[in-house]
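Chains as they are written, first to last, in my numbering: chain A, 60 to 271; chain B, 15 to 722.
Glycine included, every Cβ here is placed at the ideal spot set by N, Cα and C.
Note sheet for the following structure.
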């Protein structure tokens, strides 16, 4: 049985989540907390296998809890479970030390898998979150000429084009029109002073924007 | 006039200098010439003496020879016709051979027995010359020479005599005589000379001369006794021997009493002729002439040229002087006229003019001065100027202005008050110029007084008005300052109010956003969890129920999305939870998601900004982006956030159509004023650069630690 600590200030939500976890059969909620400090206290007292923590909590917020737990109980992996779906939260959470990130909206479908994955020592991130993290890292590398001048969406399209995705596929992925993808492509080529997709791929690989 | 005299005197002096110089030169020349002439005379006399001596001794040997001839002895012994006949050819031969005047033979009684001129009318034969000294000397046994005028011939001669002896008895038989011509000597030695050459006997009787008229005259004046003696000697005929007129004036100078001619006198004693002298007389006038002629020939033109030059100079100088004199006269005349004109101008100038002397007494005033002061001229001239002053002005003038004026020579705009004859007062401004004498001291003054009575009154009124105005102005300024301060206060409070409103608005939005996002969101999430559970529960029991549950689920999903969107629009949680950088990242990503615009966000060094500042910058960016999306038709937006020297700089740039700030008054509509207001509230500033067709750039700069 995987022992789980559940920290969320909303009782109703907490109960819903508890139900999802316990119905899985091979994990149980051994402690619940309604705010950050309680979560830390309980984590240290009960030593769960996984801590599931909400970001928005009164007093100490979830990110702070992640940071504290990393100091006090580094062996306990933390899974962020939150209402926020912006990549910025994901990136910050991972930077702070969280091992996984799941939105509450997708909890019924993903929470159990996420806890298991985190418990096994792996990261659990949605595809969108992974990509955001990767792009953030790319953006963080300031040595590439021209990459700075690309917007986030352009960077996303660049990555996709670099790994050989078609305009259609990209349009589907981001839910935008094929024409828009083409516009982005033109802008990327212009900004990076490149001529075609082949040069674009070479640029991305050379600058370690994508890996094969 | 003086100049003319000076020039004349100068000319005279120059002429005098030239002539005296010439004279001195002439004198020295003359003196030198006299000296030279003297030397010449001496030399000449000496030379003549020797030549004469030589000539006079020439026939001494022949007479000796003649006396030794046998025929002469025989003839003297026999005294017969035959022997005399034999003697005659001998005598003739001698006379001819030696070119003599006469050769003759006398017996021991002095009677001539034979002569070479026996055939001539004045033949000596038979004549007795025993009275002649040469006969007497010969009888004494000597050879004698003797100068005398022939008694028979009347010709001057040099007589040489020698005794003829008897060879056996050695008794004296007679005397042989040779008479040589003096004329020949005279012609030979005394001619070709301009001066006078004389040979005189011991008595001063002139025997030989190159001047015929002087021959047989007496050089010096002699007493009758001495003349008698000469007559008795019969040596120079019977006479008479008048005085030639010479007498000695000084050493070596003689003068002739008849023609008053002066002569230089040189003399030598003749050897063998005791008392005989050779004399040379040279007329001074002649010597002078000799010098003067060439001198005048040389100096004449020089003097002429110099005289002409002097004359020319005098003429030119005189002309110049004359011109100068004329010019001066002209100038004096003009001066007099100008003086008159000046006086006229002075008097008639319609300005108050006056002049005072060093004592401060009035020496001149203009008519206008008199008119103004209501005086007549004779009442004023000679009075003290200060007598027309008020007491105050008088004191001021005497103590301060006068001493200063007589030192510096001028004063300007001195305020005085004059008292008119009628007692009224005039305020004036006096400017004064000092006329200096040749020593440079101020001699008198020329003063101009300007009536400023009216001006002063006007000035006073003006000053009063000004003062009044200035009081008003001060009042007004106070009021304006008060109003301004009130206005500032009002503006300040308005700004505070505005800030408070904004703060409140932000707080409210934040709260609302949280409420929506966290509370409503959470509830919806919980609902969703249950809905999903229900759907799963019915999925293999009741398909219809499961479908409905799934429908609820997706409805909840939509609602959650709406809620999230609303919350984001109100105030993104990212801004509060993560900070400005993440919030702007999220905002730009959102823009890209919602539009085709490429929205680039670049940031550098910005961390942990105070919440309010983050809000301000976020809202500015949001407003700017909203504007771009609405109006700009841009394809690229670039948001740049960086920290630079404690200032946070935010730039939002687009490549849209831009707008003209000047022409379009869209600023307010675009919320530009709002952006600016936010920037100012944060203690910073915001500039908008926009140009039609070239996009818009908004630069905002706020201090990192702004005082809210």
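query, result
"Would DSSP call residue 193 (chain B) helix, strand or coil?", "strand"
"Compare the C-alpha of residue 19 (chain B) against each of B:693, B:331, B:429 and name the closest.", "B:331"
"Give every residue of the same chain whose Cβ lies closer than 6 Å to the Cβ of residue 225 (chain B), excluding the five residues on either side of it in the sequence, and list them in chain order.", "210"
"Reducing DSSP to helix, strand and coil, say where residue 708 (chain B) ends up.", "coil"
"Can you name the residues of chain B whose CB is closer than 7 Å to the CB of residue 75 (chain A)?", "540, 543, 544"
"Residue 665 (chain B) and residue 711 (chain B) look like a contact to me (Cβ under 8 Å); what is the Cβ gap, rounded to whole Å?", "7 Å"
"Taking contact to mean at least 3 C-beta pairs separated by less than 8 Å, is the stretch 211-219 of chain B in contact with the stretch 182-194 of chain B?", "no"
"If you follow the beta strand (DSSP E) that residue 366 (chain B) is part of, which residue opens it and which one closes it?", "366-370"
"Is residue 568 (chain B) close to chain A, meaning its C-beta is less than 8 Å from at least one C-beta of that chain?", "no"
"Comparing C-alpha positions only, which one of B:414, B:500, B:715, B:412 sits nearest to residue 628 (chain B)?", "B:715"
"Go ahead and label residue 94 (chain B) buried or exposed: buried means 16 or more other beta carbons lie within 10 angstroms of its beta carbon, across all protein chains shown.", "exposed"
"As a quick exercise: from B:32, B:171, B:583, B:446, pick the residue whose alpha carbon is nearest that of residue 318 (chain B).", "B:32"
"Measuring only between beta-carbons, confirm whether residue 681 (chain B) sits less than 8 Å from chain A.", "Bear in mind that the predicted position of residue 681 (chain B) carries a pLDDT of just 48, short of 50, making it too unreliable to give a figure here."
"Within a Cβ cutoff of 6 Å, which residues of the same chain sit near residue 276 (chain B), ignoring the five residues on either side of it in sequence?", "269, 298"
"Check the Cβ of residue 142 (chain A) against every Cβ in chain B and list those closer than 7 Å, keeping chain order.", "531, 532, 535, 536, 539"
"Please classify residue 667 (chain B) as buried or exposed, where buried requires at least 16 other C-beta atoms within 10 Å of its C-beta.", "buried"
"Pick out the complete alpha helix (DSSP H) segments inside the stretch 535-589 of chain B, 4 residues or longer, and give them in chain order.", "535-553, 557-584"
"Three Cβ pairs or more, each shorter than 8 Å: is that satisfied between the stretch 249-269 of chain B and the stretch 226-234 of chain B?", "yes"
"Count the other CB atoms within 10 Å of the CB of residue 183 (chain A); is the residue buried (16 or more) or exposed (fewer)?", "buried"
"Could you tell me which of B:416, B:133, B:512 sits nearest to residue 461 (chain B), measuring between CA atoms?", "B:416"
"Let me know the alpha helix (DSSP H) ranges lying completely inside the stretch 351-428 of chain B, each 4 residues or longer, listed in chain order.", "381-387, 391-394, 405-410, 416-422"
"Of the residues that make up the stretch 60-72 of chain A, which ones have a beta carbon closer than 7 Å to any beta carbon in chain B?", "69, 71, 72"
"Check each candidate in A:268, A:230, A:68 and name the one with the smallest Cα separation from residue 197 (chain A).", "A:268"
"Using only the alpha-carbon positions, how far apart do residue 60 (chain B) and residue 128 (chain B) sit?", "39 Å"
"Tell me which residue opens and which closes the alpha helix (DSSP H) that residue 262 (chain A) is part of.", "256-265"
"Using a C-beta to C-beta distance shorter than 9 Å, which residues of chain B count as neighbours of residue 224 (chain A)?", "Those within 9 Å of residue 224 (chain A) in chain B number zero; the least Cβ separation is about 18 Å."
"Can you pull the chain A neighbours of residue 606 (chain B), defined as C-beta to C-beta under 7 Å?", "210, 211, 212"
"Pull up the CB-CB distance for residue 43 (chain B) and residue 278 (chain B), whole angstroms please, since I reckon it's below 8 Å.", "About 17 Å separates the two Cβ atoms, so there is no contact after all."
"Just curious, the beta strand (DSSP E) that residue 486 (chain B) is in, first and last residue?", "Where residue 486 (chain B) is concerned, there is no enclosing beta strand (DSSP E), although the alpha helix (DSSP H) it sits in stretches over 467-528."
"Measuring straight from C-alpha to C-alpha, what distance separates residue 117 (chain B) and residue 99 (chain B)?", "14 Å"
"Using the beta-carbon of each residue, which ones in chain B are nearer than 9 Å to residue 242 (chain A)?", "610, 612, 649"
"Using a threshold of 8 Å, state whether the C-beta atoms of residue 520 (chain B) and residue 585 (chain B) are closer than that.", "yes"
"Secondary structure at residue 44 (chain B), three-state DSSP: helix, strand or coil?", "helix"
"So residue 138 (chain A) and residue 158 (chain A) are supposed to be a Cβ contact under 8 Å. How far apart are they, rounded?", "6 Å"
"Closer than 8 Å by C-beta to residue 695 (chain B): which residues in its own chain qualify, once you throw out the five before and the five after it? Chain order, please.", "509, 512, 513, 516, 630, 722"
"Quick test of the definition: if touching needs 3 or more C-beta pairs under 8 Å, does the stretch 140-148 of chain A touch the stretch 526-544 of chain B?", "yes"
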